[in-house]
């Protein structure tokens, strides 16, 4: 057998191995996504840091009302209680309902109403933000939001992605992430790096790397 035949055979075997590995890992990860959403919960200290970094820089506490106008305050805190509707308390005196505003920012985070999300169900928890709102945890070319949901006695973080500030806000479902992996592995890796600080993220980075390698082999065959 000639040397060129051996090289072609090796490249073919390598490509087959990579594609097979990619299919297996993708299947396992998507199955894991569907069966264990708690695995996407980011440690609280990491979430707090991400949310602070994703605020509107150099701007104080504010709310954006339903008519699009803004009001600015010195402080804005979440007020909750038994038999009491969760509200924002501005400057320790003005109570603001979630139904009155589109978005708000305090010292901890920037949050937006899920009423404007294109897909995904609404959260009713008032743990870190108003019920029906999602906290922005990454800001840039891709904006990423997080909202908490109940799952039995535990809670998990549901993530949403927006392309820039004008694009629709979409839930990170298995179908969405699978399509993102195929179309933009770099964006896929970025989204998952925000969603999980666990060892699973390393596997996802390897998955994106395998995807790029298989594409390279296809072009060079």
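Numbering (my numbering), first residue to last: 210 to 430.
The beta carbon of each residue, even a glycine, is placed where N, CA and C say it ideally should be.
Keep in mind that this is a model prediction, so the values were computed, not measured.
Asked                                                                                                                  : Found
Sub-9 Å separation of residue 364 and residue 375 beta-carbons                                                         : no
Pairwise C-alpha distance: residue 300 and residue 388                                                                 : 45 Å
Option in 386, 341, 293 with minimal Cα separation from residue 312                                                    : 341
Same chain only: Cβ atoms within 6 Å of residue 440, ignoring 5 sequence neighbours per side                           : Since the first residue of the chain shown is 210 and the last is 430, residue 440 is not available in this structure.
9 Å Cβ cutoff met for residue 302 and residue 260                                                                      : no
Spatial neighbours of residue 288 in its chain, beta-carbon cut-off 6 Å, leaving aside the 5 residues before and after : 296, 298
Identified DSSP bridge partners for residue 354                                                                        : 345, 369
Cβ neighbour criterion (16 or more within 10 Å) applied to residue 391                                                 : exposed
DSSP three-state assignment for residue 327, whether helix, strand or coil                                             : coil
Nearest-angstrom Cα separation, counted from residue 308 out to residue 274                                            : 9 Å
Cα-Cα separation between residue 438 and residue 272, rounded to whole angstroms                                       : The requested residue 438 does not occur in the structure, where the chain is confined to residues 210 to 430.
Spatial distance of residue 371 from residue 350 (CA atoms)                                                            : 8 Å
Backbone CA spacing between residue 378 and residue 265 [nearest angstrom]                                             : 18 Å
Own chain residues within Cβ distance below 8 Å of residue 304, not counting five before or after                      : 288, 296, 297, 298
Straight-line Cα distance separating residue 399 from residue 232                                                      : Low confidence applies to residue 232: its pLDDT is 45, below 50, so where it sits in the model is not reliable, and the reading given next is rough at best. Straight-line Cα distance between these residues: approximately 20 Å.
Distance, residue 381 Cα to residue 367 Cα                                                                             : 7 Å
Three-way DSSP call (helix, strand, coil) for residue 273 in this model                                                : strand
Cα-Cα separation between residue 198 and residue 404, rounded to whole angstroms                                       : Shown here, the chain extends from 210 to 430; a query on residue 198 therefore has no answer.
Coil, strand or helix - residue 307 by DSSP                                                                            : helix
DSSP three-state assignment for residue 403, whether helix, strand or coil                                             : helix
Beta-carbon proximity list for residue 167, same chain, < 6 Å, skipping 5 on both sides                                : Outside the displayed span of the chain (210 to 430) sits residue 167, for which this structure offers no information.
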